[in-house]
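Asker: Quick one: the structure is below, and I'll ask about it shortly.
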Amino acid sequence: TGSGSTPHYLPIFFDGLREIEDPYAFLAEQGVYDMIDVGWKKVLPVIPQLIIPIKTALNTRQKKVIVKVLKVLQRLVTCDFEGGHPLIGQALVPYYRQ
Numbered sequence: 006t007g008s009g010s011t012p013h014y015l016p017i018f019f020d021g022l023r024e025i026e027d028p029y030a031f032l033a034e035q036g037v038y039d040m041i042d043v044g045w046k047k048v049l050p051v052i053p054q055l056i057i058p059i060k061t062a063l064n065t066r067q068k069k070v071i072v073k074v075l076k077v078l079q080r081l082v083t084c085d086f087e088g089g090h091p092l093i094g095q096a097l098v099p100y101y102r103q
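In this note's numbering, the protein residues as written are 6 to 103.
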């Protein structure tokens, strides 16, 4: 990913997680995973912009979408373990009750 692409594109890909029609659903999910895996160091500052797309996707109440979002959240909170300072999960805590 380019130097400024994670903050700009990651929320867009997260917003696409509510898609159920391929190729849109596949592209959004794959885009999220690719950006998390490659640009995990840039994810932390973007967390506040991910909350609304995450909530919107979960509020679809569609099992397929919810399962996909939960798997993405799991990857999200573990992606920065590599750095030895897992902060992303901690950064999500203030948003739990919203």
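Virtual Cβ for every residue (Gly too), placed ideally from N, Cα, C.
It should be emphasised that the depicted structure is a prediction, and the values quoted were computed from it without experimental measurement.
For E34 and G44, what's the separation of their Cα atoms in angstroms?
Answerer: Your numbering for residue 34 matches position 29 in the sequence shown. Your numbering for residue 44 matches position 39 in the sequence shown. Spanning the two alpha carbons is a distance of roughly 15 Å.
Asker: Whose C-beta lies closer than 6 Å to the C-beta of Y100 among residues of the same chain, with five residues either side of it excluded?
Answerer: Position 95 of the sequence shown holds residue 100. Once the five neighbours on either side are set aside, the close Cβ partners of Y100 are I56.
Asker: Excluding sequence positions up to five away, which residues of its chain have a Cβ less than 8 Å from the Cβ of T11?
Answerer: By one-based count along the sequence shown, residue 11 stands at place 6. Once the five neighbours on either side are set aside, the close Cβ partners of T11 are M40, G44, K47, V48, V51.
Asker: Under the three-state reduction of DSSP, which class applies to H13: helix, strand or coil?
Answerer: Looking up residue 13 in the sequence shown gives position 8. Reduced to three states, the DSSP call for H13 is helix.
Asker: Could you give the residue range of the alpha helix (DSSP H) that holds E34?
Answerer: Taking the sequence shown and counting its residues from 1, the one referred to as residue 34 is at position 29. E34 -> alpha helix (DSSP H) spans 29-43.
Asker: Pick out the complete alpha helix (DSSP H) segments inside the segment 35-102, 4 residues or longer, and give them in chain order.
Answerer: Counting only runs of 4 or more, we get 52-63, 68-83, 93-97.
Asker: Ordered along the chain, which non-local residues of its own chain (more than five positions away) have a Cβ less than 7 Å from that of Q67?
Answerer: Within the sequence shown, residue 67 is the residue found at index 62, counting from 1. So the list reads I25, once near-sequence residues are dropped.
Asker: In whole angstroms, give me the CA-to-CA distance for D42 and C84.
Answerer: Start at 1 with the first residue of the sequence shown, and residue 42 comes out as number 37. Start at 1 with the first residue of the sequence shown, and residue 84 comes out as number 79. Approximately 7 Å, taken between the alpha carbons.
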